[in-house]
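Before any comments, here is the structure.
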Amino acid sequence: MIALLLSWLIAISCKQKQSLFRPISPQQSGITFNNKIVESDSLNPIDVTNIYNGGGVGIGDFNNDGLPDIYFTGNMVACKLYLNKGSLKFEDVTDVAGVGGSKKWCRGVAVVDINNDGWMDMYVCASMDKDPQKRKNLLYINQGVNKEGIPTFKEEAAAYGLDDSTHSTMATFFDYDNDGDLDVYIVVNEILPNVNPSVFKSKITDGTFPSTGRLYRNDMDSVLHHPVFTDVTKQAGVTIEGYGHGATIADINKDGWKDIFVTNDFIANDLLYINNHDGTFTDKAASYFKHTSANGMGQDVIDINNDGLSDIVELDMNPEDNYRKKMMLGANSYQTFQLNDFFKYQYQYVRNSIQLNEGPRLNANDSIGDPIFSETGYFSGVSETDWSWCPLVADFDNDGWRDLVVTNGFPKDVTDRDFIAYRQESAPVTPQSNTLAQIPQVKLHKYAFHNNGDGRFTDVSLSWGLTTTAFSNGAAYADLDNDGDLDMVINNINDEASVYENTMMDTKPKNKHYLSVQLTGDSLNINGLGAWIGLYYGNQQQAYEQTPYRGYLSSIQLNPHFGLGEVSTIDSLVIKWPDGGKQVVMNVKADQVIKINKSDAREHYDWFVPALAQNNLFREITDSLGITYKHSQEDYIDFNIQKLLPHKLSEYGPSLAAGDLNGDGLDDMVIGGNSYLGASALFQQSNGSFLRKVIVPPVDGMGKDFQDMGIALFDADGDGDLDLYIAHGGYESKSNTAAYQDLFFINNGKGDFQKDSLAFPQNYTSKSCVRAVDYDKDGDLDLFVAGRVDPWHYPGAVSGFIYRNDSKNGQIKFVDVTRDVAGGLNNIGLVCDALVTDFDNDGWPDLVLAGEWMPLTFFRNEKGHFKNITEKTGISDQVGWWNSLAAGDFDNDGDIDFIAGNLGLNSFYKASQQYPATIYAKDFDNNGSFDAIPAIYLPASQEDTTRKEFPVPGRDDLVKQIIGMRSKFQNYKSYATATMDQLFTKEQLAGVLKLQANNFHSSFCRNDGNGKFTLIALPLKAQLSALNGMVTDDFDGDGNLDLVINTNDYGTDVSVGRYDALNGLMLRGDGKGNFVPQSILQSGIFIPGNGKALVKLRSKKDAYLLAAAQNRGPLKVFTSKKDSRHIPLQPGDVTAEFLFKDGRKQRQECYDGSSFLSQSARFLRVGNQVASVAITDRNGKIRKQSF
1 MIALLLSWLI AISCKQKQSL FRPISPQQSG ITFNNKIVES DSLNPIDVTN IYNGGGVGIG
61 DFNNDGLPDI YFTGNMVACK LYLNKGSLKF EDVTDVAGVG GSKKWCRGVA VVDINNDGWM
121 DMYVCASMDK DPQKRKNLLY INQGVNKEGI PTFKEEAAAY GLDDSTHSTM ATFFDYDNDG
181 DLDVYIVVNE ILPNVNPSVF KSKITDGTFP STGRLYRNDM DSVLHHPVFT DVTKQAGVTI
241 EGYGHGATIA DINKDGWKDI FVTNDFIAND LLYINNHDGT FTDKAASYFK HTSANGMGQD
301 VIDINNDGLS DIVELDMNPE DNYRKKMMLG ANSYQTFQLN DFFKYQYQYV RNSIQLNEGP
361 RLNANDSIGD PIFSETGYFS GVSETDWSWC PLVADFDNDG WRDLVVTNGF PKDVTDRDFI
421 AYRQESAPVT PQSNTLAQIP QVKLHKYAFH NNGDGRFTDV SLSWGLTTTA FSNGAAYADL
481 DNDGDLDMVI NNINDEASVY ENTMMDTKPK NKHYLSVQLT GDSLNINGLG AWIGLYYGNQ
541 QQAYEQTPYR GYLSSIQLNP HFGLGEVSTI DSLVIKWPDG GKQVVMNVKA DQVIKINKSD
601 AREHYDWFVP ALAQNNLFRE ITDSLGITYK HSQEDYIDFN IQKLLPHKLS EYGPSLAAGD
661 LNGDGLDDMV IGGNSYLGAS ALFQQSNGSF LRKVIVPPVD GMGKDFQDMG IALFDADGDG
721 DLDLYIAHGG YESKSNTAAY QDLFFINNGK GDFQKDSLAF PQNYTSKSCV RAVDYDKDGD
781 LDLFVAGRVD PWHYPGAVSG FIYRNDSKNG QIKFVDVTRD VAGGLNNIGL VCDALVTDFD
841 NDGWPDLVLA GEWMPLTFFR NEKGHFKNIT EKTGISDQVG WWNSLAAGDF DNDGDIDFIA
901 GNLGLNSFYK ASQQYPATIY AKDFDNNGSF DAIPAIYLPA SQEDTTRKEF PVPGRDDLVK
961 QIIGMRSKFQ NYKSYATATM DQLFTKEQLA GVLKLQANNF HSSFCRNDGN GKFTLIALPL
1021 KAQLSALNGM VTDDFDGDGN LDLVINTNDY GTDVSVGRYD ALNGLMLRGD GKGNFVPQSI
1081 LQSGIFIPGN GKALVKLRSK KDAYLLAAAQ NRGPLKVFTS KKDSRHIPLQ PGDVTAEFLF
1141 KDGRKQRQEC YDGSSFLSQS ARFLRVGNQV ASVAITDRNG KIRKQSF
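Read in order, the letters of the sequence shown correspond to residues 1 to 1187 in full-length UniProt numbering.
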C-alpha cells in the first residue's frame, strides 16, 4: 500500500514538473463561452476581411470580493460576464449584470473605473456592422452589487461622449495631457470597399481616412458628476491612417508624458505617437524603429530584459514549420522594397518583432537624443509563431524574468497559396460555397517561451502544457485563485474559451517567490494608471508601467505581478506616480499583495535628463570638421540575376583608408566610391577641418558598373609618399570583364594622384580587400589582393593573388607570383577580409582570411612561401559567413589573437554542426544561368516537428530561377513537403557545388600557440547584426585592448530583412579575452545605418579620431575624450611591445590595413598606464620610448 501510494505521488510530481499550465475544463470552471461564428454568402472571409479577428477578455474584480472576474466579448454571440466564485469556479451573471453586448459585433474590452467610484466599469468596442448605429461602442457603468452580490451595469456611452461608431478595435485609457484624469485612445480598423489595404498609396495623414484612430479628452462635467469625452483627434495630430489591431500606452522616452504605440495590419505602418507636451503628438516610429512587423497584430510595451527600459513585443503571421511557410508566404518582391522608399513607408517584415530599447542615442557633440530600438526577434527565438494574435508577456514561472505566451490560429486561411491559385483559376460562375470549402483552416497550438534572462527565449510550449489546438484570439492573465502565480484566459473562435491554471505555486517552491502590487491613486485616477513601479534587489531590477491594456483586445489583471525567483526580500519598492509624487518602501517581503496608496507619497521626482552626456568615451564631431560627405550608389538588384541569393554582393562600400596623403604631417582619408560616385580624398587642413577632392571621376557607359572595394595606401616606389591602390569588385557587371580591373595611382608627394595602368597585371576578378605586406622581406611592400565573388555565378570560388613588388629605378612594376609562392590561394573561396599578421611569432608575416562559406583560413609564411595550415589550427571545421578580421593581444599573453566578424544570430539563417546552412549551386536546367539554392533545417510541419533540410525559397521564387520546377511541383502543397533531396534527381545533383556553414557566431579567436586556435563566441550583444569595420585600441585607459565596430548589412534577401539591430558597438576588453558591450551612452558610438569601414586617424591637435563609413549614409567622425599619447609609426615598423607600470606586457602589430575594407593611419595609442613602448621594424631594429 505504501509502495502504491509512493508511486502515485511520484507520478503526480512528474506530471506537475511536465506541465506548468493545467487546462480547466468548462465542466469544472463553469465557463462555456464560445465565440461561434457562422458563415454565410455575405458574411465570410472572402467578402469580409476582418470576420475572424476575434474577441477579447476583460479581467476585473467587478463585485469587489477580492477575486478576479472574467468578461468575454462575442462577435455573433452575446458577450459574457463570469463571476469568480473561488477554486477556479465561475458563474455566468451576464443577464443579471446587463452586459450582453446588445447584439453588437463586439471586439475589445477595456476594464476601467471611469468615474472613480471604486467599482470597475467596462468599455466595449463594436465593429463590422454596416449600420453606424449598430457599431456604437458600449460603456457599462458599474452600479454596484445587488442583494445577491451580483454587480449590475448601466450602459452610458452616449452620456459620456464615448458612443463612437467607427469600426473600433480596442480602447486604452490614459492621461495624455497630464491633467490628472484619464483620456482614451480608440484603435480603428475598417476595410473600405474600394481600397485595397495591401497596395501602396500615398499616406493619408490628415485624419480624413475612415480607418484612423481616435483620441478623446476627458472633460469633467460638474452637472452630470462624471466625465464627458471630447474628440480631439485632429487637434492632437493623431491623424495617420492605419488598420489598427492594438495600442499600448507607455512613456517610451521617459519624459513624464505618455506616448501611444499602435500596431497596424496590412501595408499601413505602425505608429509611435510621441507626446509633445502641448496636447499634440508626433509620429516617430521611423526614427525609433529601423523596421517593424508587416502585419502588426497584438503587442505589448514592457521591459523584457530587466534593464528598466520598456521594450516592445509585436506579433505577425510567420509560421515556424516549413509546410506552413511554403503554403502561406508569397514570392519575394524587391519592388515592394522600392515602393517602401518611394511612398515613404517604413520597412516591414512578416515576422514577430522584439524591439529592445537601447536607451537614448547620442547625437553630435554629446547631445542626448531620442531612444533607439534594436529588433531582435530572430535572435530572441520568438519570431515565428504562425497566424498570431495576442502576446501575453508576464513572469509565468516566477523566476524574475518575463516570459511570453502567444495565441494564434485562423479558421479560414485565405493566404493559402493553393487556395489563391484556385480562386484565380476558378470560373466566374463557381458557387461561393464551393470556393469557401476550398479554404483550409489554421488550427494551432499556442506557443510558450521561457525567458532565459539573456535576451533569448526557449520554446516551452510542450512542457508548459500548451498542446491543444484552437483558433485563439484575445487573452489575459490574472491570478484567478490568488495563489501567487498567473493563470490564463483565452477567447477562442468556434470553441469554448480556454482557462489555464498555473500550477507553479501549488507546492510553494522555495525558489519561486513573487510580489503583487495593488495601487490606490487619487480621485481622478483611482487605480493609478500610468504609475511606474520599480523593484530593486541585489544588482537586479524590474520595472513596470501601470496599464492593464496589453496584448490583444483585452485587459489583464490590474495588480502588477513580479516573479522574484529565490529572492524572498526586495531591497526597495519604488512607486513614481504620474503627477511627480514618489514613495519608496524598503525591505519588502515577498509572497504578498502589497498595498500602495498615493496619499502616502511624500517625495517628489522628475524625469529630467541632462542635455549633454558626461561619461561617454567618444564624441561625434563630424560637422565641426567640415565633413559633409554622404555615400551614394545606384540600387543594383543582384536578385534579378540570381534570384535566390541570400544577400547582395553590390552593397559593401564605401571603403576607407587613412594616412598622410600630401606630406604635411596630417592624416587624410580616401573614401571608396563606385562607377556612379568616384573615389574621393578628404584632406585635413591646417585648421583641423577636411576638404574633399575627387580622385576618380564617375565612369560613363554601360557594362562598366563596379564598386570600389579594398583600398591600399602604401609606398609602392620607395619615394616616401603614399601611393594608392583601389580594388574593384561588386556584382553588377558580367564575370571577368574590364569593369573589375583595379586602379593604381602614383602620388607626387603633394596628394596629387596620377593613374598608372601598367604597374599591375590585368585581373578581372571581382575583389574584396587589398593588403600591403613585405612577404619576402626584401625591403619593399608587396600586395595581397583577395577575390570576393564570381559575378553572376555565386557561390563559385575565386582566387586570391600575391603581387610581388619588382619596382626598380623609379619604374613601378608588380608581378603576379601567386602560383609560385601561394598556390593555395587558387580558388580559395569567397574571401571578405584578410589580415597580415605574424600569428606564430617567427618574424615572417602570415596571412589570415575571413570568407563566406569558409573556415577562418590560415596561411603560414615559410620564408616567402605561403602554406595553408588551416587543417591543423583546430578550428578548420568552423565554417561561417566570416566577413571581417581585427587583431590584438586581447589576453595579454604575448601573441596575437583575432576578432572575427560573422553573420551573427539575429537572422532567419541558422547554422550549427547538427543543422548546417547549405547552398546548392549548378546550372540545373542548362540554360546558362547559375542556379544557387540556399537550404536550412526547419521543422517539417505542425504535426511532424522533425527538422529536415528544406529549400529556403518558396515555390514562386524557385520557379523564377528554374522554370522546370513549375511542372515538377504543380501545386504548392507538393512543394511544401519536398526536402532538398526530393528537389533534384541524383543525376541532376552530379557535379553540384555544395557549401555548408555551421557557425554564425561572431567570435574571439584565441591564439593558443603552436598554430592552434580556439573560437569563443563574442557577447550576445555582438551577435545582433553583422560586424564589419573594426578598430582595436585601449579606449578606456585601463591597459587592456578594447574594440569599436561598425555594424549592419542592408543588402539582404528582402524577405529576411535588413540586418540593422546594431548602431555600431564598443566592446570593452578585460585583458583576459573577455569583453563587455558598452551602451551608446557609455561609448558615445552611434552609427545607426548600414555601417561598413572604420578607421582611426589623428586630428591636427593630435586628438584620436575614428571615421565610420555608411553605405548610402553620411561619414561620421568621433573623437576620443580620454587622454592618450600617440606615437607615429615609421614605414617599416611591424611590432610594438608595451610595458605597463604594473609589469604587464602586451604585444601589438603595426598594420597596413585591418578589418572590413579599412586601413587606419599608422600610429600607436599609448595610455597613462604605459611605462615604455619598444617598436621593432621589419629589419629587426628596435627603438624604445619611455614615459
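C-beta atoms are modelled at their ideal positions from N, C-alpha and C, and glycine is treated no differently.
Give the secondary structure of I1174 by DSSP, where H, G and I count as helix, E and B as strand, and everything else as coil.
In the sequence shown, residue 1174 corresponds to position 1174, counting from 1. Here residue 1174 is Ala; the residue named in the question, Ile, does not match the sequence. Three-state DSSP puts A1174 in a strand.
Can you find the residues in the same chain that come closer than 8 Å, C-beta to C-beta, to T1014, ignoring five residues on each side of it along the sequence?
Mapped onto the sequence shown, residue 1014 falls at position 1014. Contacts found: G874, I875, C1005, R1006, D1008.
Where does the unbroken beta strand (DSSP E) through Y1050 begin, and where does it stop?
Translated into positions along the sequence shown, residue 1050 becomes position 1050. Where Y1050 is concerned, there is no enclosing beta strand (DSSP E), given that its DSSP letter is neither H nor E.
Pull up the CB-CB distance for G98 and F153, whole angstroms please, since I reckon it's below 8 Å.
Indexing the sequence shown from 1 puts residue 98 at position 98. Indexing the sequence shown from 1 puts residue 153 at position 153. About 5 Å; that satisfies the 8 Å criterion.
Going by Cα to Cα distance, which pick from L905, P610, P698 is closest to L1081?
Walking along the sequence shown from the start, residue 1081 turns up at place 1081. The residue with the shortest Cα to Cα distance from L1081 is P610.
Would DSSP call N34 helix, strand or coil?
The residue you call residue 34 lines up with position 34 of the sequence shown. Three-state result, N34: strand.
Mapping DSSP to helix, strand and coil, what is residue 1189?
There is simply no residue 1189 to check, as the chain begins at 1 and stops at 1187 in what is shown.
Helix, strand or coil, according to DSSP, for I368 in the structure here?
Taking the sequence shown and counting its residues from 1, one reaches residue 368 at position 368. If DSSP states are grouped into helix, strand and coil, I368 belongs with the strands.
Unbroken alpha helix (DSSP H) runs of length 4 or more, entirely within the stretch 811 to 893: which are they?
818 to 821
Own chain, CB closer than 6 Å to M965, minus 5 neighbours either side, in chain order
Translated into positions along the sequence shown, residue 965 becomes position 965. Closer than 6 Å at the Cβ level, and outside the excluded window around M965, lie L958, V959.
Taking DSSP as the reference, what is the three-state secondary structure of D311?
Locating residue 311 in the sequence shown gives position 311, where the first residue counts as 1. The answer is strand: DSSP assigns D311 an E or B state.
To the nearest angstrom, how far is the alpha carbon of C1150 from that of E1137?
Start at 1 with the first residue of the sequence shown, and residue 1150 comes out as number 1150. Start at 1 with the first residue of the sequence shown, and residue 1137 comes out as number 1137. Rounded to the nearest angstrom, the two C-alpha atoms are 11 Å apart.
Check this for me: beta carbons of A681 and G672, under 7 Å apart or not?
Residue mapping note: residue 681 aligns to position 681 of the sequence shown, counting from 1. Residue mapping note: residue 672 aligns to position 672 of the sequence shown, counting from 1. Not a contact, by the Cβ cut-off of 7 Å.
Can you give me the C-alpha to C-alpha distance between Q996 and L830, rounded to a whole angstrom?
Taking the first residue of the sequence shown as 1, we reach residue 996 at position 996. Taking the first residue of the sequence shown as 1, we reach residue 830 at position 830. So the alpha carbons of these two residues sit roughly 13 Å apart.
So does the stretch 418 to 435 actually touch the stretch 273 to 286, counting three or more Cβ pairs closer than 8 Å?
no
With distances taken Cα to Cα, identify the nearest neighbour of N482 among H1126, S516, Q28.
The sequence position of residue 482 within the sequence shown is 482, counting from 1. Here the closest residue by C-alpha is S516.
Under the three-state DSSP convention, the category Y537 falls into
In the sequence shown, counting from the first residue as 1, residue 537 sits at position 537. In this structure, Y537 counts as strand in the three-state DSSP scheme.
Anyone know if the C-beta pair for S293 and D316 falls short of 7 Å?
Walking along the sequence shown from the start, residue 293 turns up at place 293. Walking along the sequence shown from the start, residue 316 turns up at place 316. In this structure, D316 lies closer than 7 Å to S293 by Cβ.
Leaving out five residues before and five after D715 in sequence, what residues of the same chain have Cβ atoms less than 7 Å from its Cβ?
On the sequence shown, position 715 is the one that residue 715 refers to. So the list reads D721, L722, D723, L781, P1131, once near-sequence residues are dropped.
Just the C-alpha distance for H1001 and F753, rounded to the nearest angstrom, thanks.
Counting from 1 along the sequence shown, the entry for residue 1001 is found at position 1001. Counting from 1 along the sequence shown, the entry for residue 753 is found at position 753. Cα-Cα distance, rounded: 41 Å.
According to DSSP, is I420 helix, strand or coil?
As a working note, residue 420 is residue 420 in the sequence shown. Correct three-state label for I420: helix.
Would you call G149 buried or exposed, if buried means 16 or more other Cβ atoms sit within 10 Å of its Cβ?
Here residue 149 refers to the residue found at position 149 when the sequence shown is read from its first residue. Exposed: under 16 other Cβ atoms inside 10 Å.
8 Å Cβ shell around L905 - same chain, five flanking residues per side excluded
As a position in the sequence shown, residue 905 is number 905, starting the count at 1. Within the same chain, L905 has close Cβ partners Y378, F379, F1000, H1001, L1020, Q1023, L1024.
Checking the sheet assignment: what are the DSSP bridge partners for K1145?
Here residue 1145 refers to the residue found at position 1145 when the sequence shown is read from its first residue. DSSP lists L1139 as partners of K1145.
What does a CB cutoff of less than 6 Å around V301 pick up in its chain, not counting 5 residues either side in sequence?
Numbered from its first residue, the sequence shown carries residue 301 at position 301. Once the five neighbours on either side are set aside, the close Cβ partners of V301 are T248, A250, F261, S310, I312.
Tell me which same chain residues have a C-beta within less than 8 Å of the C-beta of A932, skipping the five on either side of it?
Locating residue 932 in the sequence shown gives position 932, where the first residue counts as 1. Cβ neighbours of A932 beyond the five flanking positions: Q642, L644, L645, Y794, P795, I919, Y920, A921.
Using the C-alpha atoms, what's the distance from L1062 back to residue 1188?
The displayed coordinates of the chain run from 1 to 1187. Any statement about residue 1188 would go beyond what the structure contains.
Exposed unless 16 or more other CB atoms sit within 10 angstroms - verdict on G1180:
Taking the first residue of the sequence shown as position 1, residue 1180 is located at position 1180. Classification for G1180: exposed.
At which residues does the beta strand (DSSP E) containing V393 begin and terminate?
By one-based count along the sequence shown, residue 393 stands at place 393. Unbroken beta strand (DSSP E) run through V393: 388 to 394.
Should Q441 and Y422 be called a contact, given that it needs their Cβ atoms to be closer than 7 Å?
Taking the sequence shown and counting its residues from 1, one reaches residue 441 at position 441. Taking the sequence shown and counting its residues from 1, one reaches residue 422 at position 422. For Q441 and Y422, no; Cβs fall outside 7 Å.
Any 3 or more C-beta pairs closer than 8 Å across the stretch 165 to 179 and the stretch 521 to 531:
yes
How would you call S1158, buried or exposed, if buried means at least 16 neighbouring beta carbons within 10 angstroms?
Position 1158 of the sequence shown, counting from 1, holds the residue named residue 1158. Buried, because 16 or more other Cβ atoms sit within 10 Å of the Cβ of S1158.
Can you give me the Cβ contacts of F266 inside the same chain, cut-off strictly under 6 Å, excluding the 5 residues immediately before and after it?
On the sequence shown, residue 266 is found 266 positions in, with the first residue counted as 1. Excluding positions up to five away in sequence, the list reads P197, S198, Y243.
Along the alpha helix (DSSP H) that carries D956, what are the first and last residues, could you check?
Taking the first residue of the sequence shown as 1, we reach residue 956 at position 956. Run containing D956: 955 to 961, per the alpha helix (DSSP H) assignment.
Counting C-beta neighbours from all protein chains within 10 Å, is the total for I963 16 or more, i.e. buried, or is it exposed?
Here residue 963 is taken as the residue at index 963 of the sequence shown, counted from 1. Flag for I963 reads exposed.
Residue(s) in a DSSP beta bridge with C106:
In the sequence shown, residue 106 corresponds to position 106, counting from 1. In the DSSP output, where bridge partners are listed per residue, C106 has A126.
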